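These protein sequences, in sequence, are chains E and Y.
My numbering applies: residue 48 is where the first sequence begins, and numbers increase by one.
My numbering applies: residue 108 is where the second sequence begins, and numbers increase by one.
Note that CB positions come from ideal geometry on N, CA and C, so glycine has one too.
Owing to the predicted nature of the structure, the values given are computational and were not obtained by experimental measurement.
The structure appears below as structure tokens.
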Amino acid sequence: MITIFPDILILLFPFVMLSLKLFLKVSLKTQENFAVGYFLVVFVTLNFILLGQNHFYLSNWKIDSFGIFMREIFVLSSLLAISLSHNYFNSSVSLKPKLLNFSEFSASVGFAAFGGIVVVSANDLLTLFIGLELATIPMYALVAWNKRDSEGTEAAIKFILTGSVATAFELFGFSYLYGFSGFITFPEITNAVATAQVSPLLWISLLFIISGIGFKMTLFPFHLWAPDIYEGAPTPVTAILSVTSKAVAITFLTVLVLGPLHSVQKEISPFLALLAGATLFVGNLGALSQSKLRRFMAFSSISQAGYILIALLGNTPNAKYSIVYYLFLYTFSNYLAFFIFSVVGKNQAETFSALRGLSEKNKFLAISLLIALMSLAGIPPLAGFFGKLQIFTTAAENGHFFLILFAVLNNVLALYYYIQVLKSAWIDKPEKEIALSIPTKQKIIILILTLSVLLLGFLPFLSNNLSIAFL
Amino acid sequence: MNNLISHSYLILLLPLLSFIINGLFLCFRHRKMAAILSTSLSFLGAVFATIISVNFFISGAKPILAFNYEFLPFTGTLVATIGCLLDSLSAMMILTVSLISFAVHIYSIGYMESDQASGRFFALLSLFVFSMLGLVIAPNIFQTFIFWELVGVSSYLLIGFWYDRPSAVSASKQAFILTRFADSFFLLGIILLSYITKSFVFSDINALRLENFAGQMISLGIIEIPTSDALIFSTLLIFIGGWGKSAMFPLHIWLPNAMEGPTPVSSIIHSATMVVAGVYLVARLFPLFAISGNVLEIVMIVGAFTMVFAAVIACTQKDIKRILAYSTLSQLGYMMLALGSARVADSSIHILGYSAATFHIFTHAFFKCMLFLIAGALIHQVHSNDLNAMGGLRKKMPWTYAASLIACLAIAGIPPFSGFYSKDEILISAYQAGHPIIFACALFTSFLTAFYMFRLFFLAFHGKMRSIPKHPVHESLLMTLPILLLTIPTLFSGFLFKGIFHNFSPEVPLSLAKNLPSATFIPPLAITFSVLGILLSFLFYASKKSNPAKALDSDNRNAFYKIIYHKFYFDEIYYAFVRQFILGGLASFARFFEEKIFGTLVTFATTLIQKMGVLVRKAHAGSLPFYIAIMIIGLLFWYFASNLPLQGA
Numbered sequence: 048m049i050t051i052f053p054d055i056l057i058l059l060f061p062f063v064m065l066s067l068k069l070f071l072k073v074s075l076k077t078q079e080n081f082a083v084g085y086f087l088v089v090f091v092t093l094n095f096i097l098l099g100q101n102h103f104y105l106s107n108w109k110i111d112s113f114g115i116f117m118r119e120i121f122v123l124s125s126l127l128a129i130s131l132s133h134n135y136f137n138s139s140v141s142l143k144p145k146l147l148n149f150s151e152f153s154a155s156v157g158f159a160a161f162g163g164i165v166v167v168s169a170n171d172l173l174t175l176f177i178g179l180e181l182a183t184i185p186m187y188a189l190v191a192w193n194k195r196d197s198e199g200t201e202a203a204i205k206f207i208l209t210g211s212v213a214t215a216f217e218l219f220g221f222s223y224l225y226g227f228s229g230f231i232t233f234p235e236i237t238n239a240v241a242t243a244q245v246s247p248l249l250w251i252s253l254l255f256i257i258s259g260i261g262f263k264m265t266l267f268p269f270h271l272w273a274p275d276i277y278e279g280a281p282t283p284v285t286a287i288l289s290v291t292s293k294a295v296a297i298t299f300l301t302v303l304v305l306g307p308l309h310s311v312q313k314e315i316s317p318f319l320a321l322l323a324g325a326t327l328f329v330g331n332l333g334a335l336s337q338s339k340l341r342r343f344m345a346f347s348s349i350s351q352a353g354y355i356l357i358a359l360l361g362n363t364p365n366a367k368y369s370i371v372y373y374l375f376l377y378t379f380s381n382y383l384a385f386f387i388f389s390v391v392g393k394n395q396a397e398t399f400s401a402l403r404g405l406s407e408k409n410k411f412l413a414i415s416l417l418i419a420l421m422s423l424a425g426i427p428p429l430a431g432f433f434g435k436l437q438i439f440t441t442a443a444e445n446g447h448f449f450l451i452l453f454a455v456l457n458n459v460l461a462l463y464y465y466i467q468v469l470k471s472a473w474i475d476k477p478e479k480e481i482a483l484s485i486p487t488k489q490k491i492i493i494l495i496l497t498l499s500v501l502l503l504g505f506l507p508f509l510s511n512n513l514s515i516a517f518l
Numbered sequence: 108m109n110n111l112i113s114h115s116y117l118i119l120l121l122p123l124l125s126f127i128i129n130g131l132f133l134c135f136r137h138r139k140m141a142a143i144l145s146t147s148l149s150f151l152g153a154v155f156a157t158i159i160s161v162n163f164f165i166s167g168a169k170p171i172l173a174f175n176y177e178f179l180p181f182t183g184t185l186v187a188t189i190g191c192l193l194d195s196l197s198a199m200m201i202l203t204v205s206l207i208s209f210a211v212h213i214y215s216i217g218y219m220e221s222d223q224a225s226g227r228f229f230a231l232l233s234l235f236v237f238s239m240l241g242l243v244i245a246p247n248i249f250q251t252f253i254f255w256e257l258v259g260v261s262s263y264l265l266i267g268f269w270y271d272r273p274s275a276v277s278a279s280k281q282a283f284i285l286t287r288f289a290d291s292f293f294l295l296g297i298i299l300l301s302y303i304t305k306s307f308v309f310s311d312i313n314a315l316r317l318e319n320f321a322g323q324m325i326s327l328g329i330i331e332i333p334t335s336d337a338l339i340f341s342t343l344l345i346f347i348g349g350w351g352k353s354a355m356f357p358l359h360i361w362l363p364n365a366m367e368g369p370t371p372v373s374s375i376i377h378s379a380t381m382v383v384a385g386v387y388l389v390a391r392l393f394p395l396f397a398i399s400g401n402v403l404e405i406v407m408i409v410g411a412f413t414m415v416f417a418a419v420i421a422c423t424q425k426d427i428k429r430i431l432a433y434s435t436l437s438q439l440g441y442m443m444l445a446l447g448s449a450r451v452a453d454s455s456i457h458i459l460g461y462s463a464a465t466f467h468i469f470t471h472a473f474f475k476c477m478l479f480l481i482a483g484a485l486i487h488q489v490h491s492n493d494l495n496a497m498g499g500l501r502k503k504m505p506w507t508y509a510a511s512l513i514a515c516l517a518i519a520g521i522p523p524f525s526g527f528y529s530k531d532e533i534l535i536s537a538y539q540a541g542h543p544i545i546f547a548c549a550l551f552t553s554f555l556t557a558f559y560m561f562r563l564f565f566l567a568f569h570g571k572m573r574s575i576p577k578h579p580v581h582e583s584l585l586m587t588l589p590i591l592l593l594t595i596p597t598l599f600s601g602f603l604f605k606g607i608f609h610n611f612s613p614e615v616p617l618s619l620a621k622n623l624p625s626a627t628f629i630p631p632l633a634i635t636f637s638v639l640g641i642l643l644s645f646l647f648y649a650s651k652k653s654n655p656a657k658a659l660d661s662d663n664r665n666a667f668y669k670i671i672y673h674k675f676y677f678d679e680i681y682y683a684f685v686r687q688f689i690l691g692g693l694a695s696f697a698r699f700f701e702e703k704i705f706g707t708l709v710t711f712a713t714t715l716i717q718k719m720g721v722l723v724r725k726a727h728a729g730s731l732p733f734y735i736a737i738m739i740i741g742l743l744f745w746y747f748a749s750n751l752p753l754q755g756a
């Protein structure tokens, strides 16, 4: 029963953090170190759980390899987000007031991670829905964390209002699915879907469910909220939104599409393909002419969501394999970019012009940025390339060649705007000199992330682990 | 000792190491170090190569695949590998390449002493050797192609080594473009061949038989042709690759112009690397060529024509490196001819042609390398390539003089020097396989060879000095030593290795020729022709009555001589063709297309994308009601656009 241990740890985390503040009154520094150490321990523990192709249930709680890997991603994302937030709690960053209430902040991050874990472990619609909401509601709070920043508050209001519409879609879809099958547990729904797939009820419910999750995963046209919210939220929250939130959403889709809906995957494939194509195209178009870094990252992550969705068109082992692989790389690359942006935006707004002259001020950061963005753009031999390659091979198995072609062409657009960022960092001359300082801790994390992005492409370490588990 | 053979792939690492260390670290500031490192690694390589090949031949010359790493599986059977195949042919080539490379390395220390960029030179030289070694040990045609191109690139870099000289730059470009032109056919051939056979591996390719494809058709996209025809066609395409690399007529013009590189480079290009790659390719795929209809006949005719053609031009040239270059062309023609002549009219195979060709690669490498080193030594003294500036150097450079006598006798085919044995076998093979005209051409060329080589020899070393050198003439140790070292194989490689090469026989899936005519009259006849050539040359250029100044005059000559002197105007023809047809025609059309049509399209596409980007950006203006409305509209949109069977069955 060691496998359930990390889940319990994550569930306990928010309460421990709150107790630390309420009863023990420890300092901010201790709280931070504790939170990072806690997630690190959980992450390491998770790495020791090797299930291979087995899976088992604890009552209604499903644990399998895919679940373990997704847990690793959620924990990793939380760990990095909490490290990233260090600066924001200790000083004013990016011309905004500094954040307060670290213990509550990290508790919310922990709740969101637990929400993700619930989603991936769900074996019925109710658990699935609770998990999704558990992952979403802390996000609303996190976006508005900087109460003294009106932009953040505005973003949170937009987020919660659009989010409620999406939740309504979701619940409506679930109700139809229940109405169609008569059950909320997955095995029964699987049977019902496999035997009576002609009913329009099923398709209506799927349309609503996918549209609802489309909001969380920023699929076209439910992505409109993303740029505003990414821009308004504090940078660490933006990073969580772009990684954890997206990972939860794709997990949700994977659990459904490769689970109960597996027998109709062929029928929903065209819809998913259209969604993926439209999303990555719109994301790329939007990113073309941005001047603010977080808004830019919003569009970039919209198009990345389109890429990840392509993997769902493949068959079971490979699809899961490539989703996990891609999410790992995406986590590393994205956080690396956010870490760099936060260092650059320490004393100024996080815009493209803030990056100017970076290559002269700090070669290390400039090279890390180069690696992060080239990986996101999918340039070999960096990790991102292999992630994309894996996704395309998965989709090619079921013959989605036009979509792949379209996605590859879109990569050209993506390369264009990633290079725009790099142009600011490497070629453009700065307008005014603003000093740049990197705290040692940040430097170490940036170094580790850079090496991960660089080496995961070369070394078959991750892919070996994954293929043992899935293939 | 078999252990050593199975680690023979290590031979590749030595020059690679030297290239990387020199290229990255030493070439800018520590050129002395670079020279020492490169030379010592090439010494190790030469020792290692000798040990490997001696062991290989002692232990029975059984082919061994010493190393095979799969790196690119195209399909289940079509897998690109990097490996090391050791058989008689590759063991012989490894030995030749390594020994020649070592001699050239020592020589280069002396020759490049005053050049500031010698670090780069040694790095590139190592790359060149690395590429050639990788080419000869390739167990499959895919690896061959990779290293084939690497050989091309490194020769390009070395010919254009003095990139501040316009002539060197244009020569390097010419060499690269011409060989690349031929390589494109080679690549097509590889694609077609691997499409037919589903394999890159030589052992599979060489086991093919046309009968197995009887009645089969293969679709080449537009047309469908019999598989056996496609196979023959692919063999021909592959041969075109070797055609360009080995500078056979009419793709020969790059080789004489490649003289613009430093002399050690010419020496290694002409002897062991680059040009013999084409002959090597044909030898490596010999069984495939043998079954492929008349392709061997084409090989023979191309070889024979180049042989005579180049020898005729060599008789009139005044630039010593050019003479040697044309002699290389002529000797390569011999090798190609020998390979081609192996096919007897009743489509059986006379294997002597194959062994004679490989034997000639081996012997030719040593004396040709030596001749170029000698030429370099001469040029280093008189600072000119022109025979006009030489003459009477035998007293100043006695060692070089003695060595060049040996080399010239070897290339002229006088026993007991090495060239005699291999050339003799080529003649015998051509005669026995029933190609009398080709045989006569070869005999005539051996007369011409003796004539032009001794013309060079007499004009350079005998007579009076025709110019006063600026510096006192002397022999430098570093440059003379490799020349003297090379006299050893030039003297002995003929009769010592004759036996080994007689056992060189690939497994050809055809019957071997029987009832061959006796050819005992050929060796004396060949010697007679060579001696005649030498005597004629002596009469013209070294006897008391001769007048070297008049002999070297190229202006007051008849039209025939002038045509030959100007190399049949091939440079000019090529120049006009490139100017008029390629630059004026194709290139200007391509430019028009690029600028007007393609450019417009690109501008249109980028503008469109930018406009759409602005549109998308404007949609995210921050209006909450708009966002919520779009979510609902989006749902409706997907209701119609999602392709879900919403209306029921």
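Spatial neighbours of residue i in its chain, beta-carbon cut-off 8 Å, leaving aside the 5 residues before and after
i	result
Val386(Y)	Gly349, Ser353, Leu439, Met442, Met443, Leu446, Ala464 and Ile468
Tyr465(E)	Ser347, Leu420, Met421, Leu423 and Ala424
Straight-line Cα distance separating residue j from residue i
i	j	result
Ser258(E)	Ser310(E)	20 Å
Lys143(E)	Leu189(E)	15 Å
Phe136(E)	Ile357(E)	38 Å
Phe554(Y)	Ile458(Y)	26 Å
Ser350(E)	Tyr382(E)	16 Å
Leu105(E)	Leu185(Y)	48 Å
Val140(E)	Phe705(Y)	48 Å
Tyr746(Y)	Ser484(E)	52 Å
Leu308(E)	Leu429(E)	34 Å
Leu416(E)	Val290(E)	18 Å
Asn445(E)	Ala289(Y)	40 Å
8 Å Cβ cutoff, residue i in contact with chain Y
i	result
Phe113(E)	no
Pro428(E)	no
Asp196(E)	no
Ser251(E)	This sequence places Ile at residue 251(E); Ser is not what is there. With 8 Å as the cut-off, Ile251(E) counts as an interface residue toward chain Y.
Gly333(E)	yes
Leu208(E)	yes
is_contact[residue i, chain E] using C-beta, thresh 8 Å
i	result
Ala712(Y)	no
Cys719(Y)	Contrary to the premise, residue 719(Y) reads as Met rather than Cys in this sequence. Chain E, which has a Cβ nearer than 8 Å to the Cβ of Met719(Y), makes this yes.
6 Å Cβ shell around residue i - same chain, five flanking residues per side excluded
i	result
Arg227(Y)	Cys134
Met108(Y)	Confidence at Met108(Y) is low in this model, with a pLDDT of 49, below 50, so its placement is unreliable and no value can be given for it.
| said: Closer than 8 Å is the cut-off here; do at least three beta carbon pairs connect the stretch 169 to 178 of chain E with the stretch 82 to 98 of chain E? | reply: In this structure the stretch 169 to 178 of chain E does not lie against the stretch 82 to 98 of chain E, because fewer than three pairs of beta carbons, one per stretch, are closer than 8 Å.
| Those runs of the alpha helix (DSSP H) which lie wholly inside the stretch 391 to 442 of chain Y and span at least 4 residues | For the stretch 391 to 442 of chain Y, whole alpha helix (DSSP H) runs of length 4 or above, ordered along the chain, are 393 to 398 and 402 to 421.
| task | Kindly confirm or deny that the stretch 470 to 477 of chain Y and the stretch 534 to 547 of chain Y touch, where touching means at least three C-beta pairs closer than 8 Å. | result | Taking 8 Å as the limit for Cβ pairs, the verdict is that the stretch 534 to 547 of chain Y does not touch the stretch 470 to 477 of chain Y.
| task | Assess, as a yes-or-no matter, whether the stretch 558 to 573 of chain Y is touched by the stretch 494 to 505 of chain Y under the definition of 3 or more beta carbon pairs within less than 8 Å. | result | Touching, per the Cβ criterion.
| task | Indicate whether the contact test is met: 3 or more Cβ pairs, each with one atom in the stretch 403 to 416 of chain Y and one in the stretch 216 to 232 of chain Y, closer than 8 Å. | result | Not touching, per the Cβ criterion.
| said: Going residue by residue through the stretch 267 to 305 of chain Y, where are the continuous alpha helix (DSSP H) segments of at least 4 residues, counting only ones entirely within it? | reply: List check, alpha helix (DSSP H) in window: 273 to 304.
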